[in-house]
Amino acid sequence: MSDRLSASSRIDTGEASHELECLPYGVNHSGEGVCLLVRMGPHRILLDCGLADISSLMKGLAKPARRGRSPLPADFVLVSHAHADHARGLLALHQAFPLLPIYASEVTSKLLPLNWPNQNLQDISQFCQALPLRSPVEVKDGLVVELFPAGHLPGAVAVLFTYTTSQRSYKLLYTGDFFLSNSRLVEGLRLEELRGLELDALIIEGTYGTARHPHRRNQENQLAERVNRAIADSYSVLLPTPALGLGQELLMLLRSHHHFTGRDLDIWVDGTVAVGCDTYLELLSHFPPSVQNFARHQPLFWDERIRPRVRRLQPGQRDRVGRYPCIVLTDSTVDLREYCQPDTGPWLILSPEKTEIKINNNYQFPGIITVENYLLAQHSDGPGTTQLIHNLRPQHVIFVHGSPTYLADLTSLDELQNRYHVHSPEAGVLVEIPIGETFLQPAAPETNYEGELTELDTVVTIALPDAITADPRWRQFADTGLIEARWQGEELVLRGLSQRELLNQSSDRFILSDVECCGTCRHQRGQRCWNPASPLFNFKVTLDGYCPAFERGNEGARD
Ligand SMILES: [Zn+2]
Ligand SMILES: [Zn+2]
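The working numbering numbers the first residue of the sequence shown as 2 and each following residue consecutively.
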């Protein structure tokens, strides 16, 4: 897909400044990883290095150095999180350029070594420098970096870069992989932390395109039910996962779901998924309070006493665990035939949807095998992605990370095209990010809020997300706590009743006389209290006021 600009160009590029541009080395269209070189003024920042082969970064250097720049491929690297598609090239990069600074969050710096399980951890934990969360750090003259937790994986961050010249500031945010929902071991990205940034450019992932996902609880329940049915049918369940993130989420889900708690069942954890669990345990103080609380009462992962038992699979046990129904979590890279032996029971292999994990269907499995998919999303869905964009309202939106068709679904959305300059570059195609002289924030779109209805006896309760209260119009809407509902065709229209309306209303709208207040009290005349027994005696009162000396009456005293 080529770089595209929206039709309604808001910026006269003739006067625009060209301080920002982005050269992608990898955009993860199909698992090749993310690696983006961003230029902000004189600064060159490498965002992630998920390339398996970093030779394209070297090639750039073979050309004559432009404007006498240093021979490093960038001034520094910023790693969004520890997944392989963002990090696997870092070790090679560090070895090729030992002087190139590499930054990440503290948790990411500790998780990174899992990408190279055969290397000495001591050696590689050194190359990455930890930056604090939510505190701006000036890493270069005039260039400030700030990290915000992004959900998705412990340690994952969205990164805000602010480059300041004598004329103005330029702001760019890179989301890395992000997730707005809370999952079991990591809290979601907090939109409110990022609102009002006046971003010039947003580089955002689009893994799930415009797809809308069921609520997370639904996804979890569906998976738990499928696993439960398989065990009841005497199957063992094999869950291949990446070393970090999904595996530990699955483990927490299986341990605490009512289908499994207290059941006489073994959950075996194998390979680097088990090493990932050990590393999480060392980082417990960085986890959400709910997780730390859980860990105070029982071991977070390894537990031989409380059912279902969570056990580490020892080398050489793979061909033996499936003799009675159990659950196995293992590396997606392992040959699954090692578990599915002829003398074990039948196996259900569950593979996560829309990830790099592909089960080789050409395998000649020796036993009885069923392969199915499930969804337990680790990234934002389409509505979450557009929600983040509309909250940030940048001038430019640059989509990376996702299949080209999914990214095209996103870039062609009218709600994005009409407001922002939308790009979806291929690897090797430079994106210029022209910025107007003054910041013109695109208009906010109208949001649709989704809520839930509950009917209880004679009362209907409508629960809406609290994000609705962030709108400045909310105060007026909710002023009196009273709403008017009326049908408009098939739709129900809600309207807040204002203080003024309550006072001026005619009896056909809202019966004020039902309410105990100064407006219906016999001692109130001419908006003044005439009751010597009231603390409000002789004071001017508002008609919706109230005191303990209230006495009903006072018809027609509303003037
Ligand atoms: Zn990731
Ligand atoms: Zn990723």
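The beta carbon of each residue, even a glycine, is placed where N, CA and C say it ideally should be. In this text, all values refer to a predicted model and were calculated from it rather than measured experimentally.
For residue i, the three-state DSSP class (helix, strand or coil)
i                 : result
histidine 1       : Limits of the chain in this structure are 2 at one end and 560 at the other, which puts residue 1 out of reach.
histidine 287     : helix
valine 322        : helix
proline 466       : coil
tyrosine 175      : strand
tyrosine 547      : coil
glutamate 416     : helix
phenylalanine 261 : coil
aspartate 279     : helix
phenylalanine 302 : coil
arginine 559      : Confidence is the limiting factor: at arginine 559 the pLDDT is only 44, short of 50, which leaves the residue's position unreliable, though a coordinate-based value still follows. Arginine 559: coil per DSSP, three-state reduction.
alanine 225       : helix
isoleucine 436    : strand
leucine 251       : helix
valine 292        : helix
leucine 266       : coil
arginine 553      : strand
isoleucine 232    : helix
serine 133        : According to the sequence shown, residue 133 is proline rather than serine. DSSP places proline 133 in coil when its eight states are reduced to three.
proline 384       : helix
asparagine 561    : Outside the shown range of the chain (2 to 560) lies residue 561, about which nothing can therefore be said.
leucine 314       : coil
leucine 349       : strand
valine 238        : strand
arginine 45       : strand
glutamate 139     : strand
glutamate 22      : strand
isoleucine 274    : According to the sequence shown, residue 274 is valine rather than isoleucine. Note: valine 274 maps to helix in three-state DSSP.
Cutoff 8 Å: residue i Cβ touching any chain B Cβ
i           : result
leucine 100 : Here there is only one protein chain, and chain B is not present.
Where residue i falls, given that 16 or more other Cβ within 10 Å makes a residue buried
i                 : result
histidine 216     : exposed
serine 56         : exposed
glutamate 339     : exposed
alanine 468       : exposed
phenylalanine 179 : buried
histidine 259     : exposed
proline 74        : buried
glutamate 453     : exposed
asparagine 183    : exposed
glutamine 396     : buried
glutamate 20      : buried
aspartate 382     : buried
phenylalanine 98  : buried
alanine 464       : exposed
leucine 457       : exposed
leucine 493       : exposed
valine 460        : exposed
asparagine 539    : exposed
aspartate 269     : Per the sequence shown, residue 269 should be read as tryptophan rather than aspartate. Buried, by the Cβ-count rule.
glutamine 130     : exposed
glutamate 147     : buried
tyrosine 450      : exposed
glycine 69        : Because glycine 69 carries a pLDDT of 49, less than 50, the predicted location of this residue cannot be relied on, and no value is offered for it.
threonine 273     : buried
proline 172       : The sequence shown places lysine at residue 172, not proline. So lysine 172 counts as buried.
asparagine 121    : exposed
Decide yes or no for the touch test of the stretch 136 to 147 against the stretch 105 to 112: beta carbon pairs closer than 8 Å, at least 3 of them.
no
Can at least three beta-carbon pairs, one atom from the stretch 222 to 231 and one from the stretch 197 to 211, be found at a separation below 8 Å?
no
Which runs of the beta strand (DSSP E) fall wholly inside the stretch 47 to 127 and span at least 3 residues, in chain order?
77 to 79 and 103 to 106
Go through the stretch 157 to 210 residue by residue and report every complete run of the alpha helix (DSSP H) that reaches 4 residues or more, in order.
192 to 195
Those runs of the alpha helix (DSSP H) which lie wholly inside the stretch 471 to 541 and span at least 4 residues
474 to 478 and 500 to 505
Does the stretch 229 to 239 come into contact with the stretch 313 to 326, if we say contact requires no fewer than three beta-carbon pairs (one atom in each stretch) closer than 8 Å?
yes
At what residue ranges does the stretch 387 to 433 contain a whole run of the alpha helix (DSSP H), taking only runs of 4 or more?
405 to 412 and 415 to 418
Who's in the neighbourhood of ligand 1, going by beta-carbon under 5 Å from any heavy atom, listed in chain order?
His84 and Asp178
Is the stretch 244 to 255 in contact with the stretch 412 to 427, if contact means three or more CB pairs nearer than 8 Å?
no
Validate contact between the stretch 203 to 210 and the stretch 291 to 299 using beta carbons, cut 8 Å, 3 pairs:
Judged by Cβ distances under 8 Å, the stretch 203 to 210 makes no contact with the stretch 291 to 299, as fewer than three pairs qualify.
Is the stretch 83 to 99 close to the stretch 21 to 36, with three or more CB pairs under 8 Å?
yes
Count the C-beta pairs between the stretch 339 to 351 and the stretch 308 to 325 that are closer than 8 Å, then say yes if the count reaches three, no if not.
yes
Under 8 Å: do the stretch 299 to 318 and the stretch 276 to 290 share three or more Cβ pairs, one atom per stretch?
Judged by Cβ distances under 8 Å, the stretch 299 to 318 makes contact with the stretch 276 to 290, as three or more pairs qualify.
How about the stretch 540 to 549 and the stretch 518 to 531: do they share at least three Cβ pairs that are nearer than 8 Å?
yes
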